[in-house]
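K.L.:
Before I ask anything, here is the structure I am working with.
Numbering (our numbering), first residue to last: 359 to 674.
Following this line, the structure appears as C-alpha cells:
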C-alpha cells in the first residue's frame, strides 16, 4: 500500500512510518521542517521519503505534484500542535487554529484532488468528549461532545471539517479518537517521559510529578499506530473510532512501576494533588470492525521509555 503521513517527523508519525514499512507499505510524508529528527531509526529515515510542508501554509506546487505522482492509497493526517499546553487554555491559540484546523482543511483539499482516491484517517483526540465522572468514565463514540480546552476545541473543529467533507463524498474519511499514548522518543512535556527523564538523570533530587491521582486511559504508541493502519484496511467509511486501551490507570501506580523498574529510592514531590478523571475508551467498535487489539503491556511501555531516556543521558 502507498501511504502518505502528515506529521511524519513527529512522535506518532515516525512510529507509524516504521509500522507501515514493516507491513510492506511504501511511505512518504511531510513535516514542517522537512528533515528527520536525529533520533529517528535508520530503518525509517533510509526508507521513507520526507519533504517540507507546513500545513498551515499553502502546499508548494512541486510537493503537490510529487504527492499526485506517488498516488497514495492511504493518507494519515497526524500533523498537529499536539501538546495541549501549547494550544491555549479556554480557546485555541491562533497557531493552534492555523495548524490543527486550517491545516486539516488544507489536507482535505489535497486529498480531494488526488486521482488515487485515498482513504483518510484523521488522528483526533479523546478530549473532544464532554468531561466524565469517576463513576462513569468510559465513553463510546456516541458519547456527548464537549471539548473544554484549546487543544480539544481545535481537534473538534477539525473533526467537523472531516465529517462535512466525507458527507459530500469528496473524501473517504475515518476519524480515530486517540486516547493518551506514550512510548520511546515522546517529548518530556508528557507525563511518562517527564518522569522517566528525571529518573534517568544523574541526580538525587526528588522526582517532581504534577498529580498522583489522575485516572486515565494510556496505550503504547506502537499499538495506536497499528490501529490507524487497521482502520485503513478494515474501518468503515465516515465512522468514528476510539483508539485506546480501555483500561483505567492511576498515574501514581504508573509512577510507582517506573520507580520499581529503575530501582530508584528517590523522593517524590507532588505539585498539585487531587483526583482527576480522564475519559476511558470503549474500544468495542474498533475491535468488532477490524482485527486490531492492543498487544503491548504497560510494563513493556514503561521499560522502553526509561531505557530510551537512560540511553539519551549516556550519549556524549
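For every residue, glycine included, the Cβ atom is placed at its ideal position computed from N, Cα and C.
Please read these numbers as outputs of a predicted model, since none were measured by experiment.
Considering only DSSP beta bridges, list what residue 566 is partnered with.
P.N.:
DSSP lists 627 as partners of residue 566.
K.L.:
Could you name the residues that DSSP lists as bridge partners for residue 599?
P.N.:
Looking at the DSSP assignment, residue 599 forms a beta bridge with 534.
K.L.:
Would you grab the beta carbon distance between residue 561 and residue 551 for me? Rounded to a whole angstrom, and I think it's under 8 Å.
P.N.:
Not confirmed; about 16 Å, so no contact.
K.L.:
Below 8 Å on the Cβ atoms is my contact criterion, and I expect residue 662 with residue 568 to pass it. Report the Cβ-Cβ distance as a whole number of Å.
P.N.:
So it is not a contact: roughly 22 Å between Cβ atoms.
K.L.:
In chain order, which continuous runs of the alpha helix (DSSP H) of length 4 or greater are located wholly inside the segment 649 to 673?
P.N.:
Those alpha helix (DSSP H) runs which fall completely within the segment 649 to 673 and span 4+ residues are 656 to 672.
K.L.:
Is residue 575 closer than 7 Å to residue 536 when the C-beta atoms are compared?
P.N.:
No, the pair does not count as a contact, with Cβ atoms beyond the cut-off.
K.L.:
With a 10 Å radius around its C-beta and 16 neighbouring C-beta atoms as the bar for buried, classify residue 418 as buried or exposed.
P.N.:
Exposed, by the Cβ-count rule.
K.L.:
Provide the residue(s) that pair with residue 578 in DSSP beta bridges, ordered along the chain.
P.N.:
Note: residue 578 sits in a beta bridge opposite 540.
K.L.:
Any chance you could list the alpha helix (DSSP H) runs of at least 4 consecutive residues sitting entirely within the segment 469 to 549, in chain order?
P.N.:
Taking only runs of at least 4 residues, the alpha helix (DSSP H) segments lying wholly in the segment 469 to 549 are 508 to 525.
K.L.:
Taking all protein chains shown into account, do 16 or more other C-beta atoms lie within 10 angstroms of the C-beta of residue 527, making it buried, or fewer, making it exposed?
P.N.:
That one is exposed.
K.L.:
Look at the alpha carbon of residue 642 and the alpha carbon of residue 495, and state the distance between them as a whole number of angstroms.
P.N.:
Between residue 642 and residue 495, the C-alpha separation is close to 15 Å.
K.L.:
Alpha helix (DSSP H) containing residue 362: first to last residue?
P.N.:
Per DSSP, residue 362 belongs to no alpha helix (DSSP H); it is in the beta strand (DSSP E), 360 to 364.
K.L.:
Could you pull the DSSP bridge partners for residue 389 from this structure?
P.N.:
Answer is 410.
K.L.:
Output needed for residue 460: all residues of its chain with C-beta closer than 7 Å, excluding positions within five of it in sequence on either side, in chain order.
P.N.:
Counting only Cβ-Cβ distances below 7 Å, and skipping sequence neighbours, we find 414.
K.L.:
Whose CA, out of 564, 595, 603, 573, lies closest to the CA of residue 579?
P.N.:
For the residues 564, 595, 603, 573, the minimum Cα distance to residue 579 belongs to 603.
K.L.:
How far does the alpha helix (DSSP H) with residue 373 in it reach, from first residue to last?
P.N.:
Its alpha helix (DSSP H) spans residues 369 to 380.
K.L.:
Could you tell me whether the Cβ of residue 544 comes closer than 7 Å to any Cβ of chain B?
P.N.:
Among the chains in the structure shown there is no chain B, since it carries only a single protein chain.
K.L.:
How close, in whole Å, do the beta carbons of residue 558 and residue 660 come, if the pair is a contact with beta carbons under 8 Å?
P.N.:
With a Cβ gap of about 12 Å, residue 558 and residue 660 do not count as contacting.
K.L.:
For the beta strand (DSSP E) containing residue 433, name the first residue and the last one.
P.N.:
Its beta strand (DSSP E) spans residues 432 to 435.
K.L.:
Three or more C-beta pairs under 8 Å: does that hold for the segment 479 to 487 against the segment 509 to 516?
P.N.:
Yes, they touch.
K.L.:
Which word fits residue 311, buried or exposed, when buried means at least 16 other C-beta atoms lie within 10 angstroms of its C-beta?
P.N.:
It is not possible to answer for residue 311, since the shown part of the chain is limited to 359 through 674.
K.L.:
Between residue 658 and residue 620, what straight-line distance do the alpha-carbon atoms span, to the nearest angstrom?
P.N.:
C-alpha separation (whole angstroms): 13 Å.
K.L.:
What do you reckon, is the C-beta of residue 515 under 6 Å from a heavy atom of the ligand SAM?
P.N.:
In the structure shown, the ligand SAM is absent, as is every other ligand, since no ligand is present at all.
K.L.:
Thinking C-beta only, is residue 361 closer than 7 Å to residue 385?
P.N.:
For residue 385 and residue 361, yes; Cβs fall inside 7 Å.
K.L.:
So which of 368, 523, 449 has the shortest CA-CA distance to residue 351?
P.N.:
What the structure shows of the chain is the stretch from 359 to 674, and residue 351 is not part of that stretch, so it cannot be assessed.
K.L.:
Suppose contacts are defined by Cβ-Cβ distances below 7 Å. Is residue 394 in contact with residue 403 by that definition?
P.N.:
For residue 394 and residue 403, yes; Cβs fall inside 7 Å.
K.L.:
Can you tell me where the alpha helix (DSSP H) with residue 633 in it begins and where it stops?
P.N.:
Run containing residue 633: none; DSSP gives neither H nor E here.
K.L.:
Between the alpha carbons of residue 444 and residue 454, how many angstroms are there, rounded?
P.N.:
The straight-line gap from Cα to Cα measures roughly 8 Å.
K.L.:
Can you give me the Cβ contacts of residue 363 inside the same chain, cut-off strictly under 7 Å, excluding the 5 residues immediately before and after it?
P.N.:
371, 374, 375, 385, 387, 434, 436.
K.L.:
Does the distance from the CB of residue 597 to the CB of residue 516 come in under 7 Å?
P.N.:
Cβ distance not < 7 Å, so residue 597 and residue 516 don't count as in contact.
K.L.:
Between the Cα of residue 549 and the Cα atoms of 412, 382, 572, which residue gives the shortest distance?
P.N.:
Considering only alpha carbons, the answer is 572.
K.L.:
Quick one: Cα of residue 627 to Cα of residue 420, how far?
P.N.:
In a straight line, the C-alpha of residue 627 is about 52 Å away from that of residue 420.
K.L.:
So, is residue 325 buried or exposed, given that buried needs 16 or more other C-beta atoms within 10 angstroms?
P.N.:
No information on residue 325 is available, as it lies outside the stretch 359 to 674 that the chain covers here.
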